[in-house]
Amino acid sequence: MSVLARQIAPSARLLTPVTTAPACLLPRHFSVLNRPQPNYPGHIPLTFIERGALAVGSAVGSLINPRRGDLIATLGEATATPYFIYRLRDAMLSDATGRRILRDRPRITSSTMPLPYLRSLPENSVGRTYAAWLDREGVSPDTRSQVQYIDNEECAYVMQRYRECHDFYHAVTGLPIFVEGELALKAFEFLNTLIPMTGLSLFAMVRLKPAERERFFSLHLPWAVRSGLASKELINVYWEEVLEKNVDELRRELNIEAPPDLREIRRMIRRQQKEEKQRMGQQTA
Amino acid sequence: MAARPSLSRVSRVINSLASTSFSSSSSSSFSSSSSAPASLSPSTFLRRHSSVSADELSHFSGLANSWWDPMGPSRVLHLMNPLRHEFIATCLATGDTSNSTGNTTSPPANLHYLDIGCGGGIFAESLARTIPLTPSVPGTPTRAASMTAIDPSPHLIRIARAHARTDPTVDAHLRSGHFKYLNTTLEELSERLLKEEEAKEAEQPTGGKFDMVTLFEVIEHIDPNTSTPATFLTNALRLLKPGGWLVGSTIARTFPSFLVNQVIAEAPWPVGVVPRGTHEWSKFVNPDELEGWAKDGVRTVRSQLHNPSGSQNKALEWLCCGVMYFPGLGWKMVPGSESWGNYFWAVRV
Amino acid sequence: MSASRSALRPYVCSSCRHGVLAPRRRFSSKPAQNPEIYDVVCVGGGPAGLGLLAALRASPVTSKLKVALVESQDLDKARSWDLPTHEFSNRVSSLTPSSVAFLRRIGALELLDTDRVQDYQQMQVWDGETGSKISFDWAEETSPFEDPRTVATMTENANLVRALLSRIEASGDENLKIFSKTTVSSIENGSDHPDGPDLSAWPVLTVAPSEASPASTSEPPVRIAARLLVGADGINSPVRSFADIATEGWDYNRHGVVATLALSDSEAPTFPAGMRTAFQRFLPALGGPIALLPLPNNHATLVWSTTPEHAAYLKSLPPNAFISMVNAAFRLSMTDLKYMMKMKRVGEEEEVNQHDAELTWRLQHTPQPNHIPPMVTGVQERSVASFPLRFRHASTYISPRVALIGDAAHVIHPLAGQGLNLGLGDVASLSNTIEYAVTHGMDVGDLLSLERYSTERWGANAKVGGVCDLLHKLYNVPGQGPVAWGRSLGLNVIDRLPFVKGFLMRQAEGGA
């Protein structure tokens, strides 16, 4: 791609993966003409301006369409440096389990987490709950994109691990995948991991319907604040080792409150609305 | 200044002289003469102690108890004292008296000192301390072998003796006679020494007894009604052996010295450093005046000596160096500042 | 003000003194025998006390003064101290060029065992939290064709003490008395001897042997009167208590861990050959800096200032783990170091060095600057020890007939390696003061004579101690906040301003 093309169409580049980059000498403070070598496969070094543009562009895009998981991921990477991802990595380094995770570098893919095995685990175990949640929402562990824009190799793994564990957080908290559930989980994650993207995602509140927003502020946000601050760092949980553990026990260990069941709430609301409609119909009839 | 000091003050001085009890350690001939002043009439006494101004005497006697307080009114004098040693060393180095060997090892400590107006003994005691106790002790550039210190105030002499006892070295010199404190005046001492010489029937007609005579902060305190600086200087010079030095320090009588010594130095605390009444500007002496008088004195003394070696034709040696006090830093020799205030001077017989 | 209080209170004119007891300095009731009179009595036989004695004996002006030294330890042991070539004492000090010049002037430098002494020409200092660094050397001020100029010289304290003792011995026995293995039982004011001198303002010491032995109990205690009593007797100086001089200060709640280490040979030869470097890394999260100072034959001495808990942990580690911790402290991040300081030892029989495993792993993920020391490969047996760090400064160094030098006057943080140098500076100044007093007929113990010493040293030492204290506080703020940002900016700026750096280096060198 020509230099001009790169400068004019940064957003276009977001959609087309760049697999190679020209060689360079300087590790930092480089220009677009002088990009350094990638630190790991898939790494794309960005200048400060490029990173800023990426952050703004992906923020706008994910607000318009919250289903664009890749834009959310890019927003996360662009805003994680300089401080936040290092803090998260240091949080892992301060904990014995976190250090083991960093040493072993486990990945969560459909091959490392075989669903048949998970489904076979006891009822109410972490693995079974995770598998049930994956089935219910119709997603698989392979839907997560690779980290590309974080320069430090170890921090790139940390980001990747966070992304892959996100589904586990859903499983452990029981929050569903639609917008209300996602936002509640993002609030919880922000207070737990301090990743800016999670905090910025809360701006998607503007997309909620008024009733949903009211429920969010009165129910979910307080829960997220209570649990997010009280719980231990979720990034330090070695999920692969706790698959057979009881979920409630894990929640207790991690100090997470059982969240309000959103699906149940919506079913109740729909039932109420249906009853309301029936009564009104009877009155008019 | 009063034309005549009042009788009551003079009688107080006489009474204090009579009632003084001196330390038994003094082996000098002074004890025999201690009874003499008490029997004198005031007028005779005044004639005898003609250069002493009575209220100066009482002023300094009043400061006697705080003389040795390192933080007291005499602090600046204590701070200046080491420079006196340095100035004397300079004189001796230029003069090269009695150093016949001419080598660089320490010259012999063979000079006999007289300190006129020693006060509480600041300089006298410091010089006595440098007199070697044993031959193996190295001397200092001042090369002292003995020190005789005189002062007209008996109270001050008493203070000086008591303080000298606090140093075993000085105490030993006091007992052995190498260090003497005499409560007398220059005129009386000169008379006595003259009588002693006459008694020996002029074995040494060439004159004086001392190699070095020191006159620190004295010349500006003598009574102008009864003596003059020129007379005083000549009397002092008479006591020197040929080639000996008369060394002193005093203050110039100029406008800057008025400001510094009379106004600033005697101002109330915290600016002032000496008590009020210590200095009288009209009695200060300028370097050129002093040089004139000193050189005249030397000529007079030389002409009175029957010295076959023809010292009368030798050039007149005169040294003079200004010294200034910087608060916080102390005294520093500043050549060229003689007319600004304090200065050291020396003349050679 | 306490300075004038302690200066003035003992000065009472003789007539008053006989009538009134001075408040705290006790009178002796009746002299058992007349005390022997000395010109200078120095209590304390460490580097400062011995240095003063050597300086007085070396100068022709003061060599005939009657001097005495009182030391509670056995100076014969210090005289005969000897270690094999590859072993070094763990109490090592950094001597500035002005201290070295002083030792040369008094003739003690040539008596040092120079094979055990190491010059270094460069010092690398950097912040472990932020990475900002400063390097000290004289490269800007010297031509590339000269030999590199020494920044400081590492000397074992025992080597220095032995050299000073030899220097004193070489000056002969006359007018010298060394009371070894002797403690001071009491210090009092003397009395007025009617047919002798008036010693009522003189300090009179009663000294007795330190250890009770059949021979010693039969001898009466010895009494000595001092014209000038010099307190070189350490941080809790009894001489200072006698003079009623107050101290200000505090304990840092830190310990300095020392050890003698062996370094690996560096891969690339240094240029110019033989150039040695000292390294210091500030570890704000762990309580203080770690410093590695070079010794001959590729050895080094360690001084690691840290909290008492960390110090206890380090001392409890087996040698391999200790070595890994030292290497880690110069290379890994604060987070890693904090974690490693809490790692439990798995068991005595555990062969695997866990600290080394952590170090190896983390080194792969921690970028290293190029100014780090070579890896430590060995630690000398029984050389790991620690001492508490404190700050003390006497409110004044002088009192009538009393002067304080060395640790009795001031104790500072070791992060700038200036403690012993300040002590030697005191010795040089006091010996000059005594010389001046002798040549100018002054009583060496007189307050007016001692003022010269106090003026020269009190302010200068307060300044150095204050700067070290400030640096300690500045570099103890953990994390990446505004303080860390500010101090890093300051350090980087000074590193790039040669005239400021040169000025600081000259100040640290001392007046030569």
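Protein chains in written order, with our numbering: chain A, 1 to 285; chain B, 1001 to 1349; chain C, 2001 to 2512. Every residue, glycine too, gets a C-beta built ideally from N, C-alpha and C. Predicted model only: the values in this text are computed from it and were never measured.
Would C:THR2439 count as contacting chain B if we go by Cβ distances under 8 angstroms? Translated into positions along the third sequence, residue 2439 of chain C becomes position 439. Yes, its Cβ sits closer than 8 angstroms to a Cβ of chain B.
DSSP three-state label for C:ASN2298, please. Here residue 2298 of chain C refers to the residue found at position 298 when the third sequence is read from its first residue. Note: C:ASN2298 maps to coil in three-state DSSP.
Checking contacts by CB at 8 angstroms: is B:ASP1151 closer than that to chain C? As a position in the second sequence, residue 1151 of chain B is number 151, starting the count at 1. No, B:ASP1151 does not count as interfacial toward chain C.
Cβ shell of C:ASP2233 (< 7 angstroms), same chain only, five flanking positions each side left out: Here the question's residue 2233 of chain C lines up with position 233 in the third sequence. Correct list, in chain order: VAL2043, GLY2044, VAL2239, ALA2408.
Which term fits A:TYR117, buried or exposed, when burial requires 16 or more other beta carbons within 10 angstroms of its beta carbon? Locating residue 117 of chain A in the first sequence gives position 117, counting from the first residue. Answer is exposed; the Cβ neighbour count stays below 16.
Which chain C residues are close to A:GLU154, counting only those with a beta carbon under 7 angstroms from its beta carbon? Reading the first sequence from its first residue, position 154 is the one you call residue 154 of chain A. By Cβ distance, chain C contributes HIS2365.
Three or more C-beta pairs closer than 8 angstroms, one from the stretch 2246–2264 of chain C and one from the stretch 2391–2400 of chain C: is that the case here? yes
Is the beta carbon of C:PHE2242 less than 8 angstroms from the beta carbon of C:ALA2068? Your numbering for residue 2242 of chain C matches position 242 in the third sequence. Your numbering for residue 2068 of chain C matches position 68 in the third sequence. The answer is no: Cβ separation not under 8 angstroms.
From A:ARG100 to A:ILE85, what does the alpha carbon distance come to, in whole angstroms? Sequence index remark: in the first sequence, residue 100 of chain A carries index 100 (1-based). Sequence index remark: in the first sequence, residue 85 of chain A carries index 85 (1-based). Between A:ARG100 and A:ILE85, the C-alpha separation is close to 18 angstroms.
Any idea what DSSP makes of A:THR97, helix, strand or coil? Your numbering for residue 97 of chain A matches position 97 in the first sequence. In this structure, A:THR97 counts as helix in the three-state DSSP scheme.
Cβ of A:LEU93 within 8 angstroms of any chain C Cβ: The residue given as residue 93 of chain A occupies position 93 in the first sequence. Taking Cβ atoms only, chain C reaches closer than 8 angstroms to A:LEU93, which makes this a yes.
Is there contact here, the stretch 184–191 of chain A with the stretch 215–231 of chain A, by at least three beta-carbon pairs under 8 angstroms? yes
I need the straight-line Cα distance from B:GLY1328 to C:VAL2125, nearest angstrom please. Along the second sequence, one-based indexing puts residue 1328 of chain B at 328. Along the third sequence, one-based indexing puts residue 2125 of chain C at 125. Their backbone Cα atoms lie some 38 angstroms apart in a straight line.
Hey, is the stretch 2373–2389 of chain C in contact with the stretch 2253–2262 of chain C, meaning 3+ C-beta pairs nearer than 8 angstroms? yes
Are C:VAL2411 and C:LEU2052 closer than 8 angstroms when you measure CB to CB? Numbered from its first residue, the third sequence carries residue 2411 of chain C at position 411. Numbered from its first residue, the third sequence carries residue 2052 of chain C at position 52. Cβ atoms of C:VAL2411 and C:LEU2052: not closer than 8 angstroms.
For chain A, find out if any of its Cβ atoms is closer than 8 angstroms to the Cβ of C:ASP2127; answer yes or no. Residue mapping note: residue 2127 of chain C aligns to position 127 of the third sequence, counting from 1. No, C:ASP2127 lies away from the interface with chain A (no Cβ there is under 8 angstroms from its Cβ).
Chain C within 8 angstroms of A:ARG103, Cβ atoms only: Along the first sequence, read from residue 1 onward, the residue named residue 103 of chain A stands at position 103. With 8 angstroms as the cut-off, A:ARG103 counts as an interface residue toward chain C.
Own chain, CB closer than 6 angstroms to B:PHE1232, minus 5 neighbours either side, in chain order: By one-based count along the second sequence, residue 1232 of chain B stands at place 232. The residues are SER1051, ILE1222.
Tell me which same chain residues have a C-beta within less than 7 angstroms of the C-beta of C:ASN2353, skipping the five on either side of it? Taking the first residue of the third sequence as position 1, residue 2353 of chain C is located at position 353. Excluding positions up to five away in sequence, the list reads ASN2320, ALA2321, SER2324.
Along chain C, in chain order, which residues have C-beta atoms closer than 8 angstroms to that of B:ARG1129? The count along the second sequence starts at 1 and reaches residue 1129 of chain B at position 129. Chain C residues near B:ARG1129: GLY2441, MET2442, ASP2443.
Opening and closing residue of the beta strand (DSSP E) in which B:ASP1115 lies: Within the second sequence, the letter at position 115 stands for residue 1115 of chain B. From DSSP, the beta strand (DSSP E) with B:ASP1115 extends over 1111–1116.
Along the chain, where does the beta strand (DSSP E) containing C:HIS2393 start, and where does it finish? Residue numbering aside, residue 2393 of chain C sits at position 393 when the third sequence is read from its first letter. Residues 2385–2394.
Counting only beta-carbon separations shorter than 8 angstroms, does B:THR1300 have a partner in chain C? To locate residue 1300 of chain B, count along the second sequence from 1; it is residue 300. No, because no Cβ of chain C sits closer than 8 angstroms to the Cβ of B:THR1300.
Bridge partners for A:TYR130 per DSSP, in chain order? As a position in the first sequence, residue 130 of chain A is number 130, starting the count at 1. The partner list for A:TYR130 (beta bridge, DSSP) is empty, contrary to what the question assumes.
How far does the beta strand (DSSP E) with C:ARG2254 in it extend, from its first residue to its last? As a position in the third sequence, residue 2254 of chain C is number 254, starting the count at 1. Run containing C:ARG2254: 2247–2263, per the beta strand (DSSP E) assignment.
Minimum Cβ-Cβ distance from C:PRO2203 to chain B less than 8 angstroms: On the third sequence, position 203 is the one that residue 2203 of chain C refers to. Not an interface residue.
Could you check how far apart the C-beta atoms of C:TYR2475 and C:PRO2289 are, in whole angstroms? I think they sit under 8 angstroms. Position 475 of the third sequence, counted from the start, is the residue given in the question as residue 2475 of chain C. Position 289 of the third sequence, counted from the start, is the residue given in the question as residue 2289 of chain C. The Cβ separation is near 7 angstroms, so the contact holds.
Shorter than 8 angstroms from the beta carbon of B:VAL1271 to some beta carbon of chain C? Sequence index remark: in the second sequence, residue 1271 of chain B carries index 271 (1-based). No, B:VAL1271 does not count as interfacial toward chain C.
Give the secondary structure of B:PRO1037 by DSSP, where H, G and I count as helix, E and B as strand, and everything else as coil. Translated into positions along the second sequence, residue 1037 of chain B becomes position 37. Any answer about B:PRO1037 is weak, because its pLDDT of 38 lies below 50 and its placement is not dependable; what the coordinates show is given next. B:PRO1037: helix per DSSP, three-state reduction.
Output, in sequence order along the chain, the residues in the stretch 2446–2467 of chain C whose CB is closer than 9 angstroms to any CB in chain A. none
Using the Cα positions of C:ASP2147 and C:TYR2120, report the straight-line distance between them to the nearest angstrom. For the purposes of this step, residue 2147 of chain C is taken as the residue at position 147 of the third sequence. For the purposes of this step, residue 2120 of chain C is taken as the residue at position 120 of the third sequence. Answer to the nearest angstrom: the Cα atoms are 12 angstroms apart.
Could you pull the start and end residues of the beta strand (DSSP E) that C:ASN2189 belongs to? Reading the third sequence from its first residue, position 189 is the one you call residue 2189 of chain C. Start and end: 2182–2189.
Is the beta carbon of C:VAL2303 closer than 8 angstroms to that of C:ALA2385? Here the question's residue 2385 of chain C lines up with position 385 in the third sequence. Here the question's residue 2303 of chain C lines up with position 303 in the third sequence. No; because the gap between Cβ atoms is not below 8 angstroms, this pair is not in contact.
Please compile the residues from chain B whose C-beta is within a distance smaller than 7 angstroms of the C-beta of C:LYS2064. Against the third sequence, residue 2064 of chain C aligns to sequence position 64. Under the 7 angstroms cutoff, chain B gives SER1136, VAL1137, PRO1138.
Using the beta-carbon count (16 or more within 10 Å), is A:GLU50 buried or exposed? On the first sequence, residue 50 of chain A is found 50 positions in, with the first residue counted as 1. Flag for A:GLU50 reads buried.
Cβ of A:ASP90 within 8 angstroms of any chain C Cβ: For the purposes of this step, residue 90 of chain A is identified with residue 90 of the first sequence, where counting begins at 1. Yes, its Cβ sits closer than 8 angstroms to a Cβ of chain C.
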